[in-house]
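**Student:** Structure incoming, see below.
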Amino acid sequence: MSQLHILSLKKAIIYISGSILLLLTAATTIVYIYQDEIIKLFVRELNKNLQVKVDVQKIDLSLFDKFPQVALSFHHLKIHGALPEHEQPLAYAEKLSLTFDFWNIFRSTYKINEVFLEKADVQIYVNEKGEENYQIFKKAERTDTSGSGSQVNFGLEEIHLEGVQVTYTDRKNKGIYDLFADNVQASLEMEDKNLLIGLKGGVHSKYIQVDKYKYFTDKQLLVASNLIYNLEKDNLTIKPSELQVKQSEFLIEGSFENHSDGLINLSIQGKDTDVQTLVSLLPTQYADNLSVYRSKGKVYFDGQVKGATFNGGIPLISVNFGCENATFYQTDIDKQVTNAFLTGSFTNGNKHNRATSVLKLNNIKGNLGTNPFQGNLIFTNFDDPYLKFDIKGELDVASLFAFYPLPGLSSAGGILAANIDFEGKLTDLRSRSINRFVRTSGEIDIQNLQFALKNKPLQFQSVQGHFVFDKTDLQVKDLRGSVASSDFRLNGYFRNIMAYLFLRDQNLAIEAEFSSGLLDFDELLAASAVSSDGKATAYLVNESSDEAYQFAISPRLSMSLTCAVDHVKFRRFQASAIKGNLLVNNSVASSENIQLSVANGQMRVQGNVDARQPEKIAVACAADFQQLAIDSVFYMFENFNQDFILDRHLRGKVTAQVQTSMLFDSKLNMDVPALTADVTANVVNGGLLNFEPMQKLSRFIKRQDLENMQFSEMENTIRIANSTVFIPEMEIRSNVSNLSVRGTHTFDQVMDYKLKIPVYNFMGKRAREVANENSSNLFLKVYGTSDEYKIEYDNEAVKEKIQQDWKQEKQEFKNMLKGKRAEENQTTQPSKKKAAEEEKEEEFFDF
């Protein structure tokens, strides 16, 4: 290119640029000159058509904002609604722009081509009467869609929504739509009385609620729709449109009449559907649990909604769905259902309600892993459900659990073989007509079943057994297995189990025989220790743990159980050879003649546990102890929650009869003040070893044997009440000294004991040999707490003894005087008689 040509090109560019700049300057100047006039015109026209108040912070006119169109922009716009009782505004927008062609300025007639709504919140509301808050235009003007006779006309080619929150609340028809338009373009075109609407873009659905069910929760929707709204007939026609939810696509077509009964006729068809397509249509509470599943192969779906929707009307809903030779799986596990076939349908019936609804799942077939299964299901009348199903197959429990995890389990394995048929109304399960109208039969075999509970670190292992269904009952044959280190074996009947599983507030009755080699209640009752990552880390099996036991008896459970257990462990308590009967009814457990070996002796127990008040579990017990090692008893019962006299201090065999009453909370913490007990005890071959208070008696009894005090027998009746042990006076004949003891000892370790020690314990051997029970005594008292106590002379007891002895001696003296006078009377009576005779004979004696 020559130098001349380059120079000419530069000049052309400069001339063109200058011309454009000149034109823009001129256009800007014209816009500026006419700005106030145009703004006043638009405000006047809007006020002429609006019947609601509109607040605007700022209005401006710009050539460059939406170039090449001229944009009239309303900043911080607030549009009030048409319903006075609904105070929330219809819309608030940071910016609303109306655009028109530049040349409209010279014609003084303006045609709005595009509308831009940015960062807005639109609240559409319909009250219980069906009145709408969006009827903001005057009725006389609302039907004049052509805009003839006006300087401002709408010929909308596009509407742009950017960052617009739309909430539609319909109180009359119980619907809420919460949507956010990211970037949506709409087109409007008038054709006679029809408004042609095109809609395309992305919408984020927070949720769409119909009645109590939520759909499309937190879903990104892509919409491509063509609609025709007839202004005269007030109805909407949906031309073939597409709605995409994630990877699922639906074809929608139909019509809706926005008047009278609100008739709808809508068809929906899945396109290239998979299991996600079906799941996305379900209410959120169901869809969330199934959202992890994927599918391969043919999965089909189509549905229709037809009928009235206003004034409480419910349209006809009919859906067909199914799969052929499909594979279902989860992306993060290797377990799959393969070769799956299913034909399904749902309809709400000829009356469009729950009572006429029918769900059918026919010809269900497939393989879970390598194990085949098949079945059918019919569910009719959702108000009074009638259920019919059959299932047959052998399932690998690990594969089943991996494919469909159960919320209460953390792991599972084993083999489950089932062949079950059920038919009947669920309500008949609770009635006497069950034998006539409910048919349940079949069997389940489990082999080497293993599972772990999610909230407790309990591992069930090697569980196997056979189950036979008969109407609503279940017979259990030889169910056995282990739970952690415990084991069990069960045979019996579970009455009313079908009603218990399918219906609320139904009772379960168990009649069974139970046996076990070991029951470790530390493991069975312990709550799990959970680490920061949510995993169970340990059993809480010791009594010092911060975690607590949980105890409850279901009011829906009644049980008659014959038990035989080789060994039981709970904290320090251990027992063997346990036999007896356990009855449970109405949250009360009763024992009948339970026998067990414990503490090297025998024990018989009967009583009840009343758990009707979960935080006031009442325990009443009558127990008979035969030759129990007393040190073992103290050890197993954790020294009865005191540290004054411990198991290491005691020796001997105790035989006792105990009547006791206790209260516990649900964590098995005892209400100590509520404890009452009457204990009649006899201890033989007893001993008190290295007991500190006894050592302090060395001030009074100078014997080295105080470290090992032994006695052949001791008997007493002890009362426990108000957190206090009451000990009546009892005599102890020991190798150290004969002494008597009485007093009280509270659970707060406050003691008040009275001791009486014969004085001959301080004399020589000869004196002790000739002493008897009437010998003098030394009175002592032990008082204070177990940590700080004193042993002193008991002056009050001495004073009391002196007073008692004085009374006794006084009485003896009186008795002695009475005896002497009686003797004198007997000796003086003959002499008096003789004197009287002599007086008669010799009357000169003057007395």
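Residues in the sequence shown are numbered consecutively from 702, following this note's numbering.
The C-beta atom is built at its ideal place from N, Cα and C for all residues, glycine as well.
Under a three-way DSSP split, which group does Ser981 fall into?
**Tutor:** Correct three-state label for Ser981: helix.
**Student:** Comparing alpha-carbon positions, which option in Gln1165, Gly1004 and Thr1356 lies nearest Asp1146?
**Tutor:** For the residues Gln1165, Gly1004 and Thr1356, the minimum Cα distance to Asp1146 belongs to Gln1165.
**Student:** Closer than 6 Å by C-beta to Ile909: which residues in its own chain qualify, once you throw out the five before and the five after it? Chain order, please.
**Tutor:** The answer, listed in chain order, is Tyr878, Tyr916 and Phe917.
**Student:** Return the residue from the list Asp973, Lys972, Leu991 and Glu1316 that minimises the CA-CA distance to Val677.
**Tutor:** This structure gives no information on residue 677, because the portion of the chain shown stretches from 702 to 1548.
**Student:** Is it true that the CB of Val827 sits closer than 9 Å to the CB of Asn874?
**Tutor:** Yes.
**Student:** Compare the C-alpha of Gly1067 against each of Val1380, Ala1027 and Ile1211 and name the closest.
**Tutor:** Comparing Cα positions, the closest option is Ala1027.
**Student:** Would you tell me roughly how many angstroms separate the C-alpha atoms of Ile898 and Leu862, rounded to the nearest one?
**Tutor:** Cα to Cα, Ile898 sits roughly 14 Å from Leu862.
**Student:** I'd like the span of the alpha helix (DSSP H) that includes Val1334, first residue to last.
**Tutor:** Per DSSP, Val1334 belongs to the alpha helix (DSSP H) from Ile1331 to Met1337.
**Student:** Pull up the CB-CB distance for Gly1045 and Gly1023, whole angstroms please, since I reckon it's below 8 Å.
**Tutor:** Contact holds; Cβ gap of about 5 Å.
**Student:** Going by alpha carbons, who is nearest to Ser1216 out of Asn1309, Val1442 and Asp1179?
**Tutor:** Here the closest residue by C-alpha is Asp1179.
**Student:** Can you say whether Leu1107 is buried or exposed, counting buried as having 16 or more other CB atoms within 10 angstroms of its CB?
**Tutor:** Leu1107 comes out exposed.
**Student:** Return the bridge partner residues of Gln1296 from the DSSP annotation.
**Tutor:** Partner(s): Lys1280 and Arg1305.
**Student:** Output the distance between the C-alpha atoms of Asn814 and Asn936, rounded to the nearest integer angstrom.
**Tutor:** Approximately 25 Å between the Cα atoms of the pair.
**Student:** I need the boundaries of the alpha helix (DSSP H) containing Ala1375, first residue and last residue.
**Tutor:** Element bounds for Ala1375: n/a, residue is neither H nor E.
**Student:** Just the Cα atoms here: how many angstroms apart are Phe957 and Thr1141?
**Tutor:** Answer to the nearest angstrom: the Cα atoms are 46 Å apart.
**Student:** Under a Cβ-count criterion, where at least 16 other Cβ atoms within 10 Å of its own Cβ denotes burial, should Val1373 be classed as buried or exposed?
**Tutor:** Exposed, since its Cβ has fewer than 16 Cβ neighbours within 10 Å.
**Student:** Let me know if His777 comes out buried or exposed under the rule of 16 or more other beta-carbons within 10 Å of its beta-carbon.
**Tutor:** That one is exposed.
**Student:** Going by alpha carbons, who is nearest to Lys1052 out of Glu1497, Ser1019, Val1038 and Thr1032?
**Tutor:** Measuring from the Cα of Lys1052, the nearest candidate turns out to be Ser1019.
**Student:** Using C-beta distances below 8 Å, list every residue in its chain close to Gln789, excluding the 5 sequence neighbours before and after it, in chain order.
**Tutor:** Only Gly782, Gln824 and Tyr826 meet the Cβ criterion.
**Student:** Do the CB positions of Glu859 and Lys820 come within less than 9 Å of each other?
**Tutor:** Result no, Cβ atoms of Glu859 and Lys820 do not sit closer than 9 Å.
**Student:** How about the region 1350-1358 and the region 1328-1335: do they share at least three Cβ pairs that are nearer than 8 Å?
**Tutor:** As far as the Cβ criterion goes, the region 1350-1358 touches the region 1328-1335, which means the pair count is three or higher.
**Student:** Hey, quick one: how far does the beta strand (DSSP E) through Asn931 stretch, first residue to last?
**Tutor:** Segment Lys920 to Asn931, the beta strand (DSSP E) holding Asn931.
**Student:** Report the three-state DSSP secondary structure of Tyr870 (helix, strand or coil).
**Tutor:** Per the sequence shown, residue 870 should be read as Thr rather than Tyr. If DSSP states are grouped into helix, strand and coil, Thr870 belongs with the strands.
**Student:** Cβ of Leu1209 within 9 Å of Cβ of Arg1196?
**Tutor:** Yes, Cβ-Cβ distance for Leu1209 and Arg1196 is below 9 Å.
**Student:** Under three-state DSSP, which class holds Leu764?
**Tutor:** Leu764 falls in the strand class under three-state DSSP.
**Student:** So if DSSP puts Leu784 in a beta bridge, which residue, or which two residues, is it bridged to?
**Tutor:** DSSP output for Leu784 lists no bridge partner at all.
**Student:** Considering just the uninterrupted stretch of the beta strand (DSSP E) at Ala1009, what are its terminal residues?
**Tutor:** Where Ala1009 is concerned, the enclosing beta strand (DSSP E) stretches over Tyr994 to Ala1009.
**Student:** Note down, in chain order, each residue of its chain lying with its Cβ closer than 8 Å to the Cβ of Ser1277, except the 5 sequence neighbours on either side.
**Tutor:** Cβ within range, chain order: Asp1267, His1268, Val1269, Leu1297, Ser1298 and Val1299.
**Student:** Tell me Phe775's beta-bridge partners as DSSP assigns them.
**Tutor:** In the DSSP output, where bridge partners are listed per residue, Phe775 has Ile760 and Leu797.
**Student:** Looking only at its chain, what residues have a beta carbon closer than 6 Å to the beta carbon of Phe1152, apart from the 5 residues adjacent to it on each side?
**Tutor:** So the qualifying residues of the chain are Leu1110, Ala1113 and Phe1161.
**Student:** Exposed or buried, Gly679, counting other C-beta atoms within 10 Å across all chains shown (16 or more means buried)?
**Tutor:** Examination of residue 679 is not possible in this model, given that the chain is present from 702 through 1548 alone.
**Student:** Which term fits Leu1202, buried or exposed, when burial requires 16 or more other beta carbons within 10 angstroms of its beta carbon?
**Tutor:** Label assigned to Leu1202: exposed.
**Student:** Can you find the residues in the same chain that come closer than 6 Å, C-beta to C-beta, to Asp761, ignoring five residues on each side of it along the sequence?
**Tutor:** Excluding sequence neighbours, Asp761 sits near Ser774.
**Student:** Quick one: is His960 buried, meaning 16 or more other Cβ sit within 10 Å of its Cβ, or exposed?
**Tutor:** It counts as exposed.
**Student:** Beta-carbon separation of Ile1116 and Lys1093 under 9 Å?
**Tutor:** Contact: no.
**Student:** Would you grab the beta carbon distance between Asp1366 and Ile1318 for me? Rounded to a whole angstrom, and I think it's under 8 Å.
**Tutor:** So it is a contact: roughly 7 Å between Cβ atoms.
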